[in-house]
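For any residue, its number in the working numbering is found by taking its place in the sequence shown, counting from 1, and adding 5. Built from N, CA and C at the ideal position, the CB exists for glycine as well. Have a look at the structure below before the remarks.
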Amino acid sequence: MDLFDQKTKLADMIHSNYLLLPVINRFGIRLGFKDKTVRDICLEKQIDMNFFLAIVNAFHNHDFFPEKELKSFSSVLIVDYLRKSHLDFKKISLPKIERLINQLVANSKSDDLKVIQGFYNKYKKELLEHIKDEEETAFPYVLELQKSYDAPGKPLPPELAQYSIQSYEKEHSNVDEKLFDLKNIIIKYLEPNYNMVDCNDFLFELFQFERDLTDHSRIEDHILVPKVMDIEKELKP
Numbered sequence: 006m007d008l009f010d011q012k013t014k015l016a017d018m019i020h021s022n023y024l025l026l027p028v029i030n031r032f033g034i035r036l037g038f039k040d041k042t043v044r045d046i047c048l049e050k051q052i053d054m055n056f057f058l059a060i061v062n063a064f065h066n067h068d069f070f071p072e073k074e075l076k077s078f079s080s081v082l083i084v085d086y087l088r089k090s091h092l093d094f095k096k097i098s099l100p101k102i103e104r105l106i107n108q109l110v111a112n113s114k115s116d117d118l119k120v121i122q123g124f125y126n127k128y129k130k131e132l133l134e135h136i137k138d139e140e141e142t143a144f145p146y147v148l149e150l151q152k153s154y155d156a157p158g159k160p161l162p163p164e165l166a167q168y169s170i171q172s173y174e175k176e177h178s179n180v181d182e183k184l185f186d187l188k189n190i191i192i193k194y195l196e197p198n199y200n201m202v203d204c205n206d207f208l209f210e211l212f213q214f215e216r217d218l219t220d221h222s223r224i225e226d227h228i229l230v231p232k233v234m235d236i237e238k239e240l241k242p
C-alpha cells in the first residue's frame, strides 16, 4: 500500500481512504481542500507536516508504524493528538454507537439485544473511566515531565517525583479486547430476529471505532510510554 507524502493532494488522500476523515479533522483540517497538497495545508494551518504524515500513514497502512520517527516528536504533539482523539470518542463515536444500539433494540424483537446493550453500556463506562484517568493523571504528568526535560536544571515538582509512567502502564486496561468480545457476540450468537439494516449499521460503526481505538492504543503503548520512560531515566536516575 502506497504512503502519502508532502506532494499528496488532500482530496486524493480522502478518495484513497475515507476513514482518514476523523484523523485529519483532529489537526483542525476541514473539507474544501481544492487541489491543495499536504505541504500546502500544513503551511496554511501551521501543522507539523512530518508528524501529520506519520500519523495519517500509520492509520492508513497498518504495516507502516514509524516508531523511531514518532518517538522523535515532542510529547506535547503526541498528547495533543491523543486528547483530540479522546474528544472525538466522547462527543462523536460513542454517542453515535449508543444511538445505533438504542435504535436496533427499539426496532427488533430479539431479547438478546438487551443483553448486548447492557454489555455495551458496561464497556462504555470502563472506556470513559480509562480516558478520564489518562486526561487527569497520565497526560498532565507527561506534559510536566516534558517541561522539566526541555529546561535542564529545572527540578521536578515534588508530586511528579513520586509518579511513574509505569504506574499508568500497569493500570492501562485492555478495553480493546472487550470491544472485540462485543462484536463477536453479535456475529456469532445473535438470534436472527432483528432489524438487519440497523444491526449492520451498528456493527459497521463498531468495526470503524475499533480500528480508530487500536491506532490510538498503538500510539500510547508503543510511542508515548517508551518515550516517557526514556525521559524518566534521565530526570530520575
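Rounded to whole angstroms, the separation of the alpha carbons of Val-202 and Thr-219 is 26 Å. Between Asp-10 and Ser-169, the alpha-carbon positions lie close to 36 Å from each other.
Apart from sequence neighbours up to five positions away, the residues of its chain that approach Ala-166 with a beta-carbon distance below 8 Å are Lys-241, ordered along the chain. Partner residues in the beta bridge of Thr-42, as assigned by DSSP, are Lys-14.
In the structure shown, the three-state DSSP call for Phe-214 is helix.
For Asn-62, the secondary structure class from DSSP, reduced to helix, strand or coil, is helix. Taking each of Ile-236, Val-28, Leu-211 and Ile-60 in turn and checking the Cα distance to Gln-171, the smallest one comes out for Ile-236. The three-state secondary structure of Gln-108, taken from DSSP, is helix. One alpha carbon belongs to Ile-97, the other to Pro-27, and they sit about 10 Å apart. Its Cα nearest to that of Glu-49, the residue Lys-41 stands out among Lys-41, Pro-163 and Asn-107. Separation of Asp-117 and Leu-195 (C-alpha to C-alpha, rounded to the nearest whole angstrom) is 6 Å. A contact between stretches requires three or more CB pairs, one per stretch, nearer than 8 Å, and the segment 117-129 meets this requirement with the segment 99-107. Put simply, of Lys-238, Cys-204, Ile-19 and Leu-211 the residue whose alpha carbon is nearest the alpha carbon of Asn-112 is Cys-204. Straight-line measurement puts the Cα of Lys-89 at about 12 Å from the Cα of Phe-144.
Counting the other CB atoms within 10 Å of its CB gives Ser-21 a total below 16, which places it among the exposed residues.
Across the structure, Arg-35 and Ile-29 are spaced so that their CA atoms are roughly 8 Å apart.
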